[in-house]
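Undergrad: The sequence shown begins at 155 in the numbering used here and counts up one residue at a time.
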Amino acid sequence: MAAAGQRVFVLEDHPEIGRLVCRTLEEHGFHTEWFPRAAAFLNQIRVRRPDLCIVDLGLPDRDGLAVIRDVHGRDPVPVIILTGRSDPVDRVLGLELGADDYLVKPFDPRELVARVKAVLRRSERAVTVAANKAIGIARFASWTCDFDRLTLTDAGGSCTELSAAEARLLLAFCRAPNRVLTRDMLLGIRSAEDRSPFDRSIDVRISRLRQKLESDPKTPQIIKTVYGAGYIFAADIDWSVGDD
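1. Figure out for me which residue from Leu367, Ala389, Leu335 has the closest Cα to the Cα of Thr379.
2. Could you name the residues of the same chain whose beta carbon sits closer than 7 angstroms to that of Val225, not counting the 5 residues immediately before and after it, in chain order?
3. Return the chain-ordered list of same chain residues with a C-beta closer than 6 angstroms to the C-beta of Arg293, the five sequence neighbours on each side being excluded.
4. From Gln301 to Ala321, what distance separates their C-alpha atoms?
5. Which same chain residues, not among the five before or five after Val273, have their C-beta less than 8 angstroms away from its C-beta?
6. Around the Cβ of Glu166, are there at least 16 other Cβ atoms within 10 angstroms (buried) or fewer (exposed)?
7. Using the beta-carbon count (16 or more within 10 Å), is Val243 buried or exposed?
8. Rounding to the nearest angstrom, what Cα-Cα distance links Ile360 and Ala330 in this structure?
9. Ends of the beta strand (DSSP E) at Leu258?
10. Which residue marks the beginning of the beta strand (DSSP E) containing Leu306, and which one marks its end?
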């Protein structure tokens, strides 16, 4: 797949690794910019929005997880974490903060390229769907979800904001209620190359949705786990257009 000049920002304090990442991506048609410090990276991202960021966690001037939180607090950009940290806690925190993938050093440059392309494809599909049409409002159980405004309202009128990732996951459930959906289906994976190595990422996002939807997240009544298969959204959906 041609990169078509897509721009990737690389935040990596080790010059050898930073140059290797940039050189590898440029050989596949990407434009890259390397930043050895978080401050310069964040200053530049305020000026120009890249198509994707590759972020190391162990930085000399700031923790990479805090950098990811800042990036997604401004204008969400697809992020791949590239780090020497292999602790599952770091993986989960990175995914909770909005990272799209997590690759541990040492790494195969070809695998990095494949993951960059896969993340960009998923991002482009999401943008295309959002641009083509308004999604509307879904009512289920005692909830009303406005997918165009990314809001979730309970029966008492209390409104909670959804992140883009939470809204995409909830939309997948609302479009297929009372059906078992596997993790791959929820990720929108269509080929082996798109496969995420982190089943845990879906578990984490579902846990966050349950915290918002369920009266008792430990015994969910709406998003139920089907052990060995996936999840089922146990509610009937009533759809309508916005501003009705």
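Virtual Cβ for every residue (Gly too), placed ideally from N, Cα, C.
TA: For this structure:
1. For Thr379, the closest alpha carbon among the candidates Leu367, Ala389, Leu335 is that of Leu335.
2. Taken in chain order, the residues that qualify are Ile199, Cys207, Val231, Val233.
3. Spatial neighbours of Arg293 in its own chain (CB-CB distance under 6 angstroms, excluding positions within 5 residues in sequence) are listed in chain order as Asp392.
4. Gln is not the amino acid found at residue 301; the sequence shown has Phe there. Take the alpha-carbon of Phe301 and the one of Ala321: they are about 7 angstroms apart.
5. Excluding positions up to five away in sequence, the list reads Leu206, Pro232, Ile234, Asp254, Asp255.
6. Glu166 comes out buried.
7. Answer is exposed; the Cβ neighbour count stays below 16.
8. In a straight line, the C-alpha of Ile360 is about 15 angstroms away from that of Ala330.
9. A quick correction: the sequence has Val, not Leu, at residue 258. From DSSP, the beta strand (DSSP E) with Val258 extends over 255-258.
10. It spans 305-307 - the beta strand (DSSP E) in which Leu306 sits, taken as one unbroken run.
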